[in-house]
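Take a look at the structure set out below.
Numbering (the numbering used here), first residue to last: 11 to 112.
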């Protein structure tokens with residue numbers, strides 16, 4: 011449970027750093043982008059990472075307190091979380107040329 015909360019908090023902090031256009035968590039390729047493109051890139055990643063962090067927190071407490079069964083958790087995870095992850099990969103490919111930020 012604590013690892014899931016840590017990951018969720020990290021994703022929210024990561025999203026907030028993107029919203030503030032901080033270069034703290036940026037990879038080498040993203041740091042090399044011109045300022046206007048880098049800011050647009052970071053602003054576009056705020057919502058997916060913030061959503062992932064929030065969903066991880068919600069799923070953590072929902073499974074801990076028994077609000078979700080294992081089957082419901084798995085189905086919701088596939089339907090809600092995987093599209094966000096695929097969006098992040100596609101967004102990175104569009105702006106950086108690779109699926110992962112390096």
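Note that CB positions come from ideal geometry on N, CA and C, so glycine has one too.
Coarse secondary structure for residue i, derived from DSSP in three states
i	result
residue 30	coil
residue 24	helix
residue 75	coil
residue 54	helix
residue 63	helix
residue 110	coil
residue 13	helix
Unbroken alpha helix (DSSP H) run spanning residue i, endpoints
i	result
residue 42	Counting along the chain, residue 42 falls outside any alpha helix (DSSP H), and DSSP gives it neither H nor E.
residue 101	92-106
residue 84	80-86
Whole-angstrom distance between residue j and residue i, CA atom to CA atom
i	j	result
residue 40	residue 72	35 Å
residue 38	residue 111	8 Å
residue 88	residue 81	11 Å
residue 31	residue 52	6 Å
residue 49	residue 99	18 Å
residue 75	residue 11	11 Å
residue 42	residue 64	30 Å
Whole-angstrom C-beta distance between residue j and residue i, which should lie under 8 Å
i	j	result
residue 101	residue 55	6 Å
residue 66	residue 14	6 Å
residue 25	residue 60	4 Å
residue 62	residue 91	7 Å
Chain C within 9 Å of residue i, Cβ atoms only
i	result
residue 28	The structure shown has no chain C; it contains just one protein chain.
Report yes or no: do three or more beta-carbon pairs, one from the region 88-103 and one from the region 16-33, lie closer than 8 Å?
The region 88-103, when compared against the region 16-33, does not touch it at the 8 Å Cβ threshold.
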